[in-house]
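Keeping their order, the protein sequence lines are chains X and Z. Using my numbering, the first residue of the first sequence is number 1041, and each one after it goes up by one. Using my numbering, the first residue of the second sequence is number 1041, and each one after it goes up by one. The next block holds one structure in the form of structure tokens; read it before the comments.
Number of protein chains: 2
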Amino acid sequence: MKIDPRKPADLSAQIAQAIRDAIVSGELIVDERLPSEAELADQFEVSRPTVREALKRLAAQSLIRTQRGATGGAFVNRLSFEDAYSQQITTSTLLLSMNTVSFDTACEARYALERACARLSSERRTADQLATMRAEIFRQAQPGLTDEAFCASDVAFHRALVDGARNPVLSYQLAGAVEAMQPLMNMITFTARSREEIISLHTQIADALERGDVEEVDDSLLRLEKYTRKLARDVAEKKRKPA
Amino acid sequence: MKIDPRKPADLSAQIAQAIRDAIVSGELIVDERLPSEAELADQFEVSRPTVREALKRLAAQSLIRTQRGATGGAFVNRLSFEDAYSQQITTSTLLLSMNTVSFDTACEARYALERACARLSSERRTADQLATMRAEIFRQAQPGLTDEAFCASDVAFHRALVDGARNPVLSYQLAGAVEAMQPLMNMITFTARSREEIISLHTQIADALERGDVEEVDDSLLRLEKYTRKLARDVAEKKRKPA
DNA sequence: TTTTTTTATTTGTCTGACATTTAAAAGTCT
DNA sequence: AGACTTTTAAATGTCAGACAAATAAAAAAA
Chain X
1041 MKIDPRKPAD
1051 LSAQIAQAIR
1061 DAIVSGELIV
1071 DERLPSEAEL
1081 ADQFEVSRPT
1091 VREALKRLAA
1101 QSLIRTQRGA
1111 TGGAFVNRLS
1121 FEDAYSQQIT
1131 TSTLLLSMNT
1141 VSFDTACEAR
1151 YALERACARL
1161 SSERRTADQL
1171 ATMRAEIFRQ
1181 AQPGLTDEAF
1191 CASDVAFHRA
1201 LVDGARNPVL
1211 SYQLAGAVEA
1221 MQPLMNMITF
1231 TARSREEIIS
1241 LHTQIADALE
1251 RGDVEEVDDS
1261 LLRLEKYTRK
1271 LARDVAEKKR
1281 KPA
Chain Z
1041 MKIDPRKPAD
1051 LSAQIAQAIR
1061 DAIVSGELIV
1071 DERLPSEAEL
1081 ADQFEVSRPT
1091 VREALKRLAA
1101 QSLIRTQRGA
1111 TGGAFVNRLS
1121 FEDAYSQQIT
1131 TSTLLLSMNT
1141 VSFDTACEAR
1151 YALERACARL
1161 SSERRTADQL
1171 ATMRAEIFRQ
1181 AQPGLTDEAF
1191 CASDVAFHRA
1201 LVDGARNPVL
1211 SYQLAGAVEA
1221 MQPLMNMITF
1231 TARSREEIIS
1241 LHTQIADALE
1251 RGDVEEVDDS
1261 LLRLEKYTRK
1271 LARDVAEKKR
1281 KPA
């Protein structure tokens, strides 16, 4: 683990990269303890604050965790799906909120991924996951439900659908897309009419899933996508010309 | 922007979170300059090193960039797809390499996503993207090509296919899955026979894409997935019982 | 043997300083 | 006056040394 002495700037970034490479390449294995900050400072011939900045960079990516005390130190972290989720969500949220990407593009990506999941889900979903979906549909039909609660239930419904694919990699990829769109979805103030339509589509999806009818699941998701995009367009138009 | 004074540990993490929230919520907008480190230290009532650790955490997530000099400082970064790619790749690579997820699961996820892209790609791909795919197929057929070069060309081929969907969100999601699998794919030492088969499948995909035959694109990708998983199984078996 | 106390190690944080970079301000020359 | 050079101020990058707090192992006491 060496750093390039020719580039003097950003020592902490270089050190972070050196350690990151060691982790990714397997040179450092999970739960292995890194040398203490003082030792690392000696090895890299920098001061302790610089080493600490490097370690904080790695901690921000959940690559290491630190522990205080006598037997403490920095340990290589086993990247959990939880960690991967939250990073994915942060990244996706920023991509959307910074106008790098339009709602339509995000929506298309989201449903493309979701339909891919749904195909697997119609083969593998458990009774429990289907029950969750039904329960969420029931909640969505409650009168007096706030928009936020409706949206949260919507996310839970789709989450159950996606988890039905029983592929954590797919789930974690989609989590970002779905959750990142939440704030924008909340902005689409749902009328009673539009809720009814969405609940109807959700029911169609759940029914098709129960029958294991792959094509019908796909179709109803496609209809839901079209409807979502229509709602978004309407809101965008109303905002442009508020009569 | 405030931090909770009751939890004394990990001040830099709290400060990072406070600034992160301000960015995600839009309180701080793109290219806006943060207060100087000294000013932040005053505001949060901590020392400069602590502020710096917080800023390095944010820099590790590409949320800010720093500039030295008189008009320098920390600026809110516009998250580019490039940045999102590389984070996605790092995360996915670690998820795979740390045995959190099996090759089969990753493979399934990857092809599920890729098939979702391919559907869009068969409608939207440009002549240029198709030409890239043809060129990569040609390269793959060259005798004397190293395994590494063959794999790199394979990635380039799939990259062109995915980019044909003309949806950057999908592209960035898939980049992680595809690139993370590279090292494992390299381990599958390709025989002349298996290369031939893969090239044949690639050709089928390109042909179907040229005709705009969505179903055939989907089918040939499915065949490629099955074949890839078979190769992986064979390698795994040979490793277990090296006769 | 069990409990308590001490001790050593390590991270977390602070203070103060100097180096380096950078752009603007001030000065100088034509 | 205008163009070039020098100075200066502000900011990040880095360092050294110190103390606080947490923690587990070792030592001491019951």
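Every residue gets a Cβ at the ideal spot worked out from N, C-alpha and C, and that includes glycine.
For residue j and residue i, the rounded distance between their alpha carbons
{"i": "Ser1065 (chain X)", "j": "Gln1057 (chain X)", "result": "12 Å"}
{"i": "Val1237 (chain Z)", "j": "Glu1072 (chain X)", "result": "A quick correction: the sequence has Glu, not Val, at residue 1237 (chain Z). Answer to the nearest angstrom: the Cα atoms are 42 Å apart."}
{"i": "Leu1127 (chain Z)", "j": "Ala1205 (chain X)", "result": "Note that residue 1127 (chain Z) is Gln in the sequence shown here, rather than Leu. Each residue's alpha carbon lies about 25 Å from the other."}
{"i": "Thr1172 (chain X)", "j": "Phe1115 (chain Z)", "result": "44 Å"}
{"i": "Leu984 (chain Z)", "j": "Glu1148 (chain Z)", "result": "Residue 984 (chain Z) is absent from the model: chain Z starts at 1041 and stops at 1283."}
{"i": "Ala1146 (chain Z)", "j": "Thr1090 (chain X)", "result": "37 Å"}
{"i": "Ile1177 (chain X)", "j": "Ala1158 (chain Z)", "result": "32 Å"}
{"i": "Ala1167 (chain X)", "j": "Asn1226 (chain X)", "result": "30 Å"}
{"i": "Glu1250 (chain X)", "j": "Gln1222 (chain Z)", "result": "37 Å"}
{"i": "Ala1248 (chain X)", "j": "Leu1170 (chain X)", "result": "11 Å"}
{"i": "Lys1281 (chain X)", "j": "Asn1207 (chain Z)", "result": "29 Å"}
{"i": "Ala1181 (chain Z)", "j": "Thr1268 (chain Z)", "result": "18 Å"}
{"i": "Met1138 (chain X)", "j": "Ala1110 (chain X)", "result": "44 Å"}
{"i": "Leu1051 (chain Z)", "j": "Ile1063 (chain Z)", "result": "18 Å"}
{"i": "Leu1074 (chain X)", "j": "Gly1113 (chain X)", "result": "7 Å"}
{"i": "Val1004 (chain X)", "j": "Glu1085 (chain Z)", "result": "No information on residue 1004 (chain X) is available, as it lies outside the stretch 1041 to 1283 that chain X covers here."}
{"i": "Thr1186 (chain Z)", "j": "Ile1059 (chain X)", "result": "30 Å"}
{"i": "Arg1179 (chain Z)", "j": "Asp1194 (chain Z)", "result": "10 Å"}
{"i": "Glu1067 (chain X)", "j": "Asp1061 (chain X)", "result": "8 Å"}
{"i": "Leu1153 (chain X)", "j": "Arg1088 (chain X)", "result": "45 Å"}
{"i": "Glu1188 (chain X)", "j": "His1198 (chain Z)", "result": "39 Å"}
Short Cβ contact (7 Å threshold) for residue i with residue j
{"i": "Ala1215 (chain Z)", "j": "Tyr1125 (chain Z)", "result": "yes"}
{"i": "Ser1161 (chain Z)", "j": "Val1254 (chain Z)", "result": "no"}
{"i": "Ala1094 (chain Z)", "j": "Ile1055 (chain Z)", "result": "yes"}
{"i": "Ile1129 (chain Z)", "j": "Glu1219 (chain Z)", "result": "yes"}
{"i": "Ile1239 (chain X)", "j": "Leu1271 (chain X)", "result": "no"}
{"i": "Ala1217 (chain X)", "j": "Ser1132 (chain X)", "result": "yes"}
{"i": "Gln1244 (chain X)", "j": "Ser1260 (chain X)", "result": "yes"}
{"i": "Val1070 (chain X)", "j": "Arg1108 (chain X)", "result": "no"}
{"i": "Val1202 (chain Z)", "j": "Val1141 (chain X)", "result": "no"}
{"i": "Asp1258 (chain Z)", "j": "Arg1155 (chain Z)", "result": "yes"}
{"i": "Arg1174 (chain Z)", "j": "Ala1246 (chain Z)", "result": "yes"}
{"i": "Leu1241 (chain X)", "j": "Phe1143 (chain X)", "result": "no"}
{"i": "Lys1279 (chain X)", "j": "Lys1096 (chain Z)", "result": "no"}
{"i": "Gln1213 (chain Z)", "j": "Gln1213 (chain X)", "result": "yes"}
Suppose only complete runs of 3+ residues qualify. What are the beta strand (DSSP E) ranges in the segment 1197 to 1277 of chain Z, listed by chain order? none
Check whether the segment 1086 to 1106 of chain X touches the segment 1085 to 1100 of chain Z, counting contact only when three or more Cβ pairs, one atom from each stretch, lie closer than 8 Å. yes
Every unbroken alpha helix (DSSP H) inside the segment 1078 to 1115 of chain Z [4 residues or more]: 1088 to 1100
Which residues, taken in chain order from the segment 1056 to 1067 of chain Z, show a beta carbon closer than 8 Å to some beta carbon of chain X? Ala1056, Arg1060, Ile1063, Val1064, Gly1066
Tell me the start and end of each unbroken alpha helix (DSSP H) in the segment 1137 to 1191 of chain X that is at least 4 residues and wholly inside, in chain order. 1143 to 1164, 1167 to 1180
Which residues of the segment 1218 to 1246 of chain X have a Cβ closer than 8 Å to any Cβ of chain Z? Give them in chain order. none
If contact means a Cβ-Cβ distance below 8 Å, which residues of the segment 1117 to 1128 of chain Z contact chain X? Arg1118, Leu1119, Ser1120, Phe1121, Ala1124, Gln1127, Gln1128
Which residues, taken in chain order from the segment 1189 to 1209 of chain Z, show a beta carbon closer than 7 Å to some beta carbon of chain X? Asn1207, Pro1208, Val1209
Output, in sequence order along the chain, the residues in the segment 1137 to 1154 of chain Z whose CB is closer than 7 Å to any CB in chain X. Ser1137, Met1138, Thr1140, Val1141, Thr1145, Ala1146, Glu1148, Ala1149, Ala1152, Leu1153
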